[in-house]
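Below is one structure, written out as structure tokens; the observations come after it.
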């Protein structure tokens, strides 16, 4: 298939430029192992500062299929009550590219007292409120499509917009649940009529089942993600992963858009984690299958206490 024909088909299938979002939903191996990507309230939740690099679609078979590159960092201060973070996310699909640069702030309210006998196992419950602010650099090379006599494709779109997001997270022991809207402003400050950025809403929850609370050799991690976006079908992700002795981890996930994800990885020197993921797209989607990697470093005790 010729390049321009394929790009046109891909653009029409994804509804660009009329309905788009700055960030496609990450595959489950990215947001499961770096939920800060979709919810700023996760900043500072981990015991140590964490840096994560993820890349999906780097080896796609077809030109113009989705590609994503993200780097994030977050840490806690003020005895864990405050979380700070920052990141950069680049998404490409067809003739469209979007780069978001942001900083995040999260404040936590602990719901139970941490004064307890030394012999008592103690699980803290908390609410975390997160805010994100930054800039979105958006570009659509519509002229590459070669469409004549259509004003919607008569010029390229180049815009730099302010971006802001909000999120809330509840955590208790091995349970977590959160809701976030990473792009509350959408295209409010755009000066081009043919730019229409949506405001996706995410809800994400899960639980970590350990074989033993005192010696968790096996940890089973089911999780669910819902994505609501005006004008698009409700998206549901169902995920399950298994961690063995914090040495290696495997998992799988299904998305209602008929995509299936698998992930496998390992932990090294307790502070490093490396994951590989593969996405199989079903139905008539012409975007092919994708490969991805997630590399993480966590300071302090690292991932040893997962």
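Residue numbers (the numbering used here): 10 to 315.
Each residue gets a CB set at the ideal place from its N, CA and C atoms; glycine is no exception.
Would you call the segment 78–96 and the segment 46–59 touching, i.e. three or more CB-CB distances under 8 Å?
Yes: at least three Cβ pairs fall under 8 Å.
Can you say whether residue 274 is buried or exposed, counting buried as having 16 or more other CB atoms within 10 angstroms of its CB?
If you number the chain shown from 1, residue 274 lands on position 265. Buried.
Mapping DSSP to helix, strand and coil, what is residue 39?
As a first step, residue 39 must be located in the chain shown, where it is residue number 30. In this structure, residue 39 counts as helix in the three-state DSSP scheme.
Assigned secondary structure, residue 223 (DSSP; H/G/I helix, E/B strand, else coil):
Translated into positions along the chain shown, residue 223 becomes position 214. In this structure, DSSP gives residue 223 a state outside helix and strand, which the three-state scheme calls coil.
Identify the continuous beta strand (DSSP E) that holds residue 110 and give its terminal residues.
As a working note, residue 110 is residue 101 in the chain shown. The continuous beta strand (DSSP E) containing residue 110 extends over residues 105–119.
Do residue 246 and residue 262 have their beta-carbon atoms positioned less than 7 Å apart in this structure?
On the chain shown, position 253 is the one that residue 262 refers to. On the chain shown, position 237 is the one that residue 246 refers to. Yes, these two residues count as a Cβ contact at 7 Å.
Just the Cα atoms here: how many angstroms apart are residue 139 and residue 190?
Indexing the chain shown from 1 puts residue 139 at position 130. Indexing the chain shown from 1 puts residue 190 at position 181. One Cα belongs to residue 139, the other to residue 190, and the distance between them is close to 10 Å.
Helix, strand or coil at residue 131 [DSSP, three-state]
In the chain shown, the residue the question calls residue 131 occupies position 122. Note that residue 131 has pLDDT 47, beneath the 50 cutoff, so the model's placement of it is unreliable and no number is given.
Can you tell which of 307, 312, 302 has its C-alpha closest to the C-alpha of residue 65?
Translated into the one-based positions of the chain shown, residue 65 becomes position 56. Nearest of 307, 312, 302 to residue 65, Cα basis: 302.
Rounding to the nearest angstrom, what Cα-Cα distance links residue 115 and residue 157 in this structure?
For the purposes of this step, residue 115 is identified with residue 106 of the chain shown, where counting begins at 1. For the purposes of this step, residue 157 is identified with residue 148 of the chain shown, where counting begins at 1. Taking the straight line from one Cα to the other gives about 48 Å.
Spatial neighbours of residue 21 within its chain, please: C-beta separation below 8 Å, excluding the five flanking residues on both sides.
Position 12 of the chain shown, counting from 1, holds the residue named residue 21. The predicted model places residue 21 with a pLDDT of 40, which falls under 50 and marks its position as unreliable; any figure quoted below should be read in that light. Nothing listed; no residue qualifies.
DSSP three-state call for residue 300: helix, strand or coil?
Residue mapping note: residue 300 aligns to position 291 of the chain shown, counting from 1. Residue 300 sits in a strand when the DSSP states are folded into three classes.
Hey, is the segment 139–150 in contact with the segment 94–111, meaning 3+ C-beta pairs nearer than 8 Å?
Contact holds: three or more Cβ-Cβ distances are below 8 Å.
State yes or no: is the C-beta of residue 50 within less than 7 Å of the C-beta of residue 187?
Position 41 of the chain shown, counting from 1, holds the residue named residue 50. Position 178 of the chain shown, counting from 1, holds the residue named residue 187. Yes, they are a contact pair.
Could you spell out where the beta strand (DSSP E) holding residue 189 opens and where it closes?
Counted from its first residue, the chain shown places residue 189 at position 180. DSSP places residue 189 inside the beta strand (DSSP E), whose first and last residues are 184–190.
Can the beta-carbon of residue 37 be found less than 7 Å from the beta-carbon of residue 270?
For this step, residue 37 is matched to residue 28 along the chain shown. For this step, residue 270 is matched to residue 261 along the chain shown. Yes; because the gap between Cβ atoms is below 7 Å, this pair is in contact.
In chain order, what residues of the same chain lie with their CB nearer than 8 Å to the CB of residue 127, ignoring the 5 residues before and after it?
The residue given as residue 127 occupies position 118 in the chain shown. Per-residue confidence for residue 127 stands at a pLDDT of 44, beneath the threshold of 50, marking its modelled position as unreliable; no derived number is given.
Presumed contact (8 Å Cβ cut-off) between residue 307 and residue 55, rounded CB distance
Reading the chain shown from its first residue, position 298 is the one you call residue 307. Reading the chain shown from its first residue, position 46 is the one you call residue 55. Right, their Cβ atoms sit about 6 Å apart.
Please return the same chain residues whose Cβ sits closer than 6 Å to the Cβ of residue 99, not counting the five positions on each side in sequence.
Taking the chain shown and counting its residues from 1, the one referred to as residue 99 is at position 90. Leaving aside the five residues that flank residue 99 on each side, the residues in its chain whose CB is nearer than 6 Å to its CB run, in chain order, 78, 108.
For residue 300 and residue 74, the rounded distance between their alpha carbons
Residue 74 sits at position 65 when you count from the first residue of the chain shown. Residue 300 sits at position 291 when you count from the first residue of the chain shown. Approximately 12 Å between the Cα atoms of the pair.
Please work out which residues of its chain come closer than 6 Å, Cβ to Cβ, to residue 305, disregarding the five sequence neighbours upstream and downstream, and give them in chain order.
Sequence index remark: in the chain shown, residue 305 carries index 296 (1-based). Only 61, 282 meet the Cβ criterion.
Can you grab the Cα-Cα spacing for the pair residue 193 / residue 268, in whole Å?
Here residue 193 refers to the residue found at position 184 when the chain shown is read from its first residue. Here residue 268 refers to the residue found at position 259 when the chain shown is read from its first residue. Looking at the two C-alpha atoms, the distance is approximately 27 Å.
Decide if residue 86 is buried, meaning its Cβ has at least 16 other Cβ atoms within 10 Å, or exposed.
Position 77 of the chain shown, counted from the start, is the residue given in the question as residue 86. Residue 86 comes out exposed.
Would you list the one or two residues that DSSP bridges to residue 81?
Residue mapping note: residue 81 aligns to position 72 of the chain shown, counting from 1. Residue pairing by DSSP places residue 81 opposite 61, 96 in a beta bridge.
So residue 276 packs on residue 312, CB below 8 Å; how close in whole Å?
Taking the first residue of the chain shown as 1, we reach residue 276 at position 267. Taking the first residue of the chain shown as 1, we reach residue 312 at position 303. Confirmed, Cβ separation roughly 5 Å.
Segment limits, beta strand (DSSP E) that includes residue 258:
The residue you call residue 258 lines up with position 249 of the chain shown. Bounds of the beta strand (DSSP E) holding residue 258 are 257–264.
Who are the near neighbours of residue 210 in its chain, counting only those whose CB is closer than 8 Å to its CB and skipping five residues on each side?
Along the chain shown, read from residue 1 onward, the residue named residue 210 stands at position 201. So the qualifying residues of the chain are 188, 189, 190, 236, 237, 238.
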